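Chains as they are written, first to last, in UniProt numbering: chain H, 1 to 154; chain L, 1 to 154.
Think of the CB as a built atom: it goes at the ideal place given N, C-alpha and C, for glycine as much as any other residue.
Remember, predicted model here, so these are calculated numbers, not experimental data.
Written below as C-alpha cells is the structure these notes are about.
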DNA sequence: TATTGTTATACTCTATAACTATA
DNA sequence: TATAGTTATAGAGTATAACAATA
C-alpha cells in the first residue's frame with residue numbers, strides 16, 4: 001500500500017525486462033568477442049551446436065530451432081560449408097531437403113576450440129555468482145524460455 | 001566425476017547463455033507486439049523511460065545509457081519529437097547540446113498507456129514464476145547486467 | 001498443391017566519416 | 001583543439017516473393 005498502480009507499473013517496467021536485456025547483451029558481446037579469433041559468429045556457432053546435439057537436420061529445421069528464416073539459413077550454411085565444418089548431404093527420404101551434418105573438422109573445432117572458448121566466457125560472466133545462484137538462474141530461465149502454455153510453434 | 005572437461009564445456013555452453021538469449025528474445029517479441037498498437041518501438045519506449053527517470057538529458061547521454069550511437073539517436077528523437085512526446089530544449093550551460101525533455105503528453109502516455117501495457121506483458125511473462133523466483137531473478141540479473149570489476153565505461 | 005532450397009530484392013538497423021556550431 | 005548534433009552513406013542482418021526441383 002502507499003504505491004499507486006501507476007507507480008507499480010513504472011517500477012515493474014524498470015525491472016526484469018531491462019535487466020534481462022542488459023544481461024543478454026552483455027553476454028553476447030563477450031561471446032562474439034571471444035569467437036572473433038575463430039572467424040565465426042555467435043549464430044554460426046549456434047548452428048554447429050544444434051547439429052552436434054540433434055544430428056543431421058534440414059536447413060529449415062535448423063532455422064526453426066534458432067528462429068532464423070530459411071532464406072537466411074542459406075548463407076549461414078554456405079559459410080560453414082566453405083570452412084569445411086558442415087557438409088550438405090542429401091536426405092534420402094526427401095530429396096528436396098539437405099541433411100546438413102557436422103564434418104570431422106566441425107566436431108573437432110567444437111570440442112577443442114569453440115566449447116572451451118565459450119565455456120571460459122561463461123565462467124568469467126557467471127563467475128560472479130555463487131553455485132546456488134547459478135543453479136537458480138538456469139532453472140528460472142528455463143521456465144521463461146519455454147513458450148507459455150497454448151503458444152506452441154506454428 | 002565421470003564427466004570429461006570437454007563434456008563439461010559442451011554442457012556449460014548449452015546452459016545459461018542460450019537460456020538467457022532465448023528468454024530475452026521471447027520477452028522482446030512480446031513487448032514489441034504489445035507496443036505495436038501505440039506505434040512505438042521498444043527502443044523508443046526506452047528513451048522515454050530514461051528521460052522519466054533522469055530528467056532532461058542530451059541526446060548523447062541518452063544514447064550512452066541505452067548503448068545507442070549519437071548518430072542513431074538523431075532519428076530516434078526525431079520520431080518522438082514529431083509525436084509530441086519529447087521536446088528539444090536547449091541546454092543553457094552548453095549551447096551545443098540539447099536538453100531533451102518529456103512533454104506533458106509524453107508523461108501521460110507513459111503513465112496511462114505505456115507502463116500499464118509493458119507491465120501487463122511482464123505480468124504474463126513472469127507470471128509463471130513464483131514471487132520468490134522473481135525476486136531471485138531480479139537480484140541475479142542485476143549482478144550479471146552490471147559490468148564486471150575493472151571494466152567501467154570508457 | 002505443398003514444400004525445400006535458392007535467388008533477387010528491399011527494408012531496417014546501425015555505425016563511420018565529414019560537416020557546423022559551439023566550447 | 002575538442003565536443004554535440006547532423007547528414008550522407010555504406011554495411012550488416014533480415015525477411016518477402018517468386019522460381020526450380022521434388023513430394
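- Residue 77(L) sits close to residue 100(L), with the two beta carbons spaced by under 8 Å.
- Each residue's CA atom was taken as its position, placing residue 72(H) and residue 123(L) some 33 Å apart.
- For the region 64–90 of chain H, the beta-carbon criterion of a distance under 8 Å to any beta-carbon of chain L is satisfied by 67.
- Between residue 94(H) and the set 32(H), 58(H), 35(H), 64(H), the nearest pair of CA atoms involves 58(H).
- Residues are counted here when their Cβ sits less than 9 Å from a Cβ of chain H; for the region 124–137 of chain L these are 124, 125, 126, 127, 128, 129, 133, 134, 136, 137, given in chain order.
- Residues of chain H whose Cβ lies closer than 8 Å to the Cβ of residue 55(L) do not exist; the shortest such Cβ separation is about 15 Å.
- The beta carbon of residue 125(H) sits closer than 7 Å to those of 27, 30, all from its chain and outside the five residues before and after it, given in chain order.
- Taking a Cβ-Cβ threshold of 8 Å, none of the residues of chain H is close to residue 102(L); the smallest such distance is about 13 Å.
- Of the candidates 96(L), 111(L), 60(L), the residue whose Cα lies closest to the Cα of residue 103(L) is 111(L).
- Residue environment for residue 75(L): exposed (fewer than 16 other C-beta atoms within 10 angstroms of its C-beta).
- One finds 129, 133, 136, 137 in chain H with Cβ atoms closer than 7 Å to the Cβ of residue 140(L), taken in chain order.
- Here the alpha carbon of residue 25(L) sits roughly 34 Å from the alpha carbon of residue 97(L).
- Counting only runs of at least 4 residues, the region 87–128 of chain L fully encloses the following alpha helix (DSSP H) elements, listed from N- to C-terminal order: 104–109, 115–126.
- Under DSSP, residue 57(H) takes part in a beta bridge, and its partners are 100(H).
- Taking 8 Å as the cut-off, the beta carbon of residue 114(L) is found no closer than this to the beta carbon of residue 51(L).
- Nearest C-alpha to residue 46(L) among 65(L), 60(L), 38(L): 65(L).
- Residue-level contact by beta carbon holds for residue 25(L) and chain H, with a gap shorter than 8 Å.
- Sorting 60(L), 53(L), 146(L) by C-alpha distance to the C-alpha of residue 88(L) places 60(L) at the top.
- Taking residue 118(H) as the centre and dropping the five residues before and after it, the same chain places the C-beta of 31, 34, 35, 45 closer than 8 Å to its C-beta, in chain order.
- Taking C-alpha positions only, residue 107(L) is separated from residue 139(H) by approximately 37 Å.
- Where residue 74(L) is concerned, the enclosing alpha helix (DSSP H) starts and stops at 70–82.
- When secondary structure is reduced to three states using DSSP, residue 39(L) falls in the coil class, being assigned neither helix nor strand.
- The beta-carbon of residue 106(L) is placed no less than 8 Å from the nearest beta-carbon of chain H.
- The C-beta of residue 145(L) comes closer than 8 Å to at least one C-beta of chain H.
- Nearest CB-CB separation between residue 38(H) and chain L: not below the 8 Å threshold.
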